[in-house]
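Residue numbers (my numbering), protein chains in the order written: chain A, 435 to 555; chain B, 24 to 128.
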């Protein structure tokens, strides 16, 4: 059974940083590109970051709105992916979902339950 | 690529045939997915490549369309279909529509 579990959310002051973790199991992690997608309260979905697999040299991509403030990484030995977000702003308040797609398929077939990040003083 | 979903809110009766629309700002070559998000849950993939049904999804869900205009159809609305539905294009990187909230009348 595919499992995706995000941790690391919480309340952060503006200007602070946070590292989100995503632990996975039940599938061959090495075959997948991993992504973070966020959803502000009551709003739609916004893709945040992607990291490709070893076959694609672990290439990373970021949404323009967060470029320079986020870093995505993965540890294939732990089947885990991480998102470091810095200089947090109120508008970064959202549920952050970890999600996957198989190499070059680009549609997200499994999602974690998400982790809430609240940026507030 | 901007994705526009309509309507933003749809009320229908159990058993109705329901149609949700998603319009892309340019041709997306059928690189379109549909997701269902129930309250408090993560999105679930329903349809990919515009008309391919994801494994395990009931056959009352179907997708169609081409070019810039795409449709998600529920052939017979069930109470458990109450959710918000999002479309996603992946022809040019990826963007999501703003969603259609589906309610039971």
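Positions of the beta carbon are idealized from the N, C-alpha and C atoms, including for glycine. All figures in this text were calculated on a predicted structure; none of them were measured in a lab.
Residue burial classification, residue i (beta-carbon count within 10 angstroms, cutoff 16)
i	result
residue 66 of chain B	buried
residue 445 of chain A	exposed
residue 73 of chain B	buried
residue 524 of chain A	exposed
residue 490 of chain A	exposed
residue 509 of chain A	exposed
Own chain partners of residue i with C-beta closer than 7 Å, once the 5 adjacent residues on each side are dropped
i	result
residue 106 of chain B	59, 60, 61, 125
residue 481 of chain A	469, 471, 497
residue 47 of chain B	24, 26, 91, 112
residue 493 of chain A	486
residue 30 of chain B	123
Test item: CB-CB of residue i and residue j under 9 Å
i	j	result
residue 447 of chain A	residue 500 of chain A	no
residue 551 of chain A	residue 454 of chain A	yes
residue 543 of chain A	residue 113 of chain B	no
residue 513 of chain A	residue 467 of chain A	no
residue 115 of chain B	residue 49 of chain B	yes
residue 479 of chain A	residue 84 of chain B	no
residue 527 of chain A	residue 504 of chain A	no
residue 519 of chain A	residue 458 of chain A	no
residue 69 of chain B	residue 56 of chain B	yes
Contact set for residue i: own chain, Cβ-Cβ below 6 Å, skip 5 residues either direction
i	result
residue 217 of chain B	Residue 217 of chain B is absent from the structure shown; chain B starts at 24 and stops at 128.
residue 78 of chain B	none
residue 529 of chain A	473, 548, 550
residue 51 of chain B	112, 114
residue 109 of chain B	58, 119, 120, 122
residue 443 of chain A	549, 550, 551
Cβ shell of residue i (< 8 Å), same chain only, five flanking positions each side left out
i	result
residue 465 of chain A	487, 536, 537
residue 94 of chain B	42, 43, 44, 45, 86, 87, 88
residue 38 of chain B	99, 100
Residues that DSSP places opposite residue i in a beta bridge
i	result
residue 108 of chain B	B:59, B:123
residue 496 of chain A	A:483
residue 551 of chain A	A:444, A:528
residue 84 of chain B	B:97
residue 28 of chain B	B:45
residue 519 of chain A	A:452, A:504
residue 77 of chain B	For residue 77 of chain B, which the question treats as bridged, DSSP gives no partner whatsoever.
Neighbour flag for residue i against chain E, beta carbons, 9 Å
i	result
residue 92 of chain B	Among the protein chains of the structure shown, namely A and B, there is no chain E.
* Interface positions of the stretch 532-546 of chain A facing chain B (Cβ-Cβ less than 7 Å), listed along the chain -> 540, 541, 542, 543, 545, 546
* Closer than 8 Å, Cβ to Cβ, to anything on chain A: give me those residues from the stretch 76-97 of chain B, in chain order. => 77
* chain B contacts from the stretch 449-478 of chain A (Cβ-Cβ distance under 7 Å) -> 478
* To do: Using a Cβ-Cβ cut-off of less than 8 Å, list which residues of the stretch 41-63 of chain B approach chain A; keep chain order.
  => 54, 56, 58
* **Interfacial residues, the stretch 102-115 of chain B to chain A, with Cβ spacing under 8 Å** => 109, 111, 113
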